[in-house]
Amino acid sequence: MKRAFVMGILLAIVWLLSGCNLITVKESFSKDIALGSIKSLVVQTKNGAIEFLGTEGSSISVRGEKRVQGLGNLDEEIKKIIISYDLQGDRLIIKSESPSDGNFFTKASYGTKFVVYLPPNALASITGRTSNGAVKAQNLETSIQLTTTNGGVDLRNTRGRIQADTTNGGIDLYRVELPGGNNVFSTSNGTIQGDLAFAGNGDCKISTSNGRISLRVPSRSAFDFRASTSNGSIDFFGLSVLLTQSEKNLKSGRVNTGGFRLDLATSNGTIRVEGF
């Protein structure tokens, strides 16, 4: 009886909320920051995308938008989203902070998206962290770390060490060059695909679950590889491949003279590497 009563209350709340039209309020913001001694940049948010775009200049330009959705006085609620700029030594941390998202008993959900313009090769590293939003880096030559959940990762015309992690999202690569070091592209429930070039004695681990891996690499590439899947094919095209192990779900070997180390792993998906 008590359980039925509680369930009745919850269903009534759901019914009431479903009959209400949620309101969305947005507010833009911007800030220009002189590079000075800054060598590292961190941007952190939730419920919003982050974009890092390389462009000519001598400053970091931040453009963004706060968003709050719910019921009640949202003009007051949006004031609870605080954007901070904290310079710690040579590291600049830009952060959006807000109350926890609403549920049955609170008013609103909060989010912030960032678009950051910066010189292509002025910084040693950039980091972007979000949830429920995509992350993107374009036209940059620096070490890049991108992390999200429930969002995709997009890298275009970048050169440098990369750590990219997401869940429930794909990873797209276009003219991405890895000059060495330790690199990671990792997702679950998503595809990893695109153009990738590498050199030197670095390594790259590419892994997904419930998704395929499809890469295009220069035909002159020299690398050692291990590719494994639990349910799918593994194929190499347009490359000079020497196999040291060849099974249905596991292949390892060398392309051209070897050197760079490439580790490919998926479940419930195919692996395809094509030379161009």
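For my numbering, add 38 to where a residue sits in the sequence shown, where the first one is 1.
Just so it is clear, CB atoms sit at the ideal spot from N, CA and C, and this is done for glycine as well.
Computed from a predicted structure; not experimentally measured.
Residue pairing by DSSP places leucine 91 opposite Tyr155, Gln176 in a beta bridge. Here DSSP, grouped into helix, strand and coil, assigns isoleucine 119 to coil.
Counting only residues of its own chain and dropping the five nearest sequence neighbours on each side, threonine 229 has a CB closer than 8 angstroms to the CB of Gly208, Ile209, Thr246, Gly249, Arg250, Ile251, Ser252, Gly307.
Contact check for alanine 162 and serine 181: beta-carbon distance about 6 angstroms, within the 8 angstroms limit, so the pair qualifies. Under the criterion of beta carbons closer than 8 angstroms, phenylalanine 236 and phenylalanine 275 do not qualify as touching, at roughly 18 angstroms. For alanine 72, the enclosing beta strand (DSSP E) covers residues 61-72. Contact between arginine 129 and valine 81 fails: their C-beta atoms lie close to 12 angstroms from each other, not under 8 angstroms.
In the structure shown, glutamate 114 falls within a helical segment according to DSSP collapsed to helix, strand and coil. DSSP places leucine 211 in the uninterrupted beta strand (DSSP E) bounded by 209-216. The Cβ neighbour count for arginine 105, taken over all protein chains shown within 10 Å, is at least 16; the residue is labelled buried.
Note on geometry: alpha-carbon atoms of serine 138 and glycine 102 lie some 20 angstroms from one another. By the C-beta density criterion, asparagine 85 is buried, having at least 16 other C-beta atoms within 10 angstroms. In the displayed model, lysine 133 falls within a strand according to three-state DSSP.
When secondary structure is reduced to three states using DSSP, glycine 86 falls in the coil class, being assigned neither helix nor strand. The beta carbon of glycine 232 sits closer than 6 angstroms to the beta carbons of Asp210, Leu211, Tyr212 from its chain, once the five residues preceding and following it are set aside; these are given in chain order.
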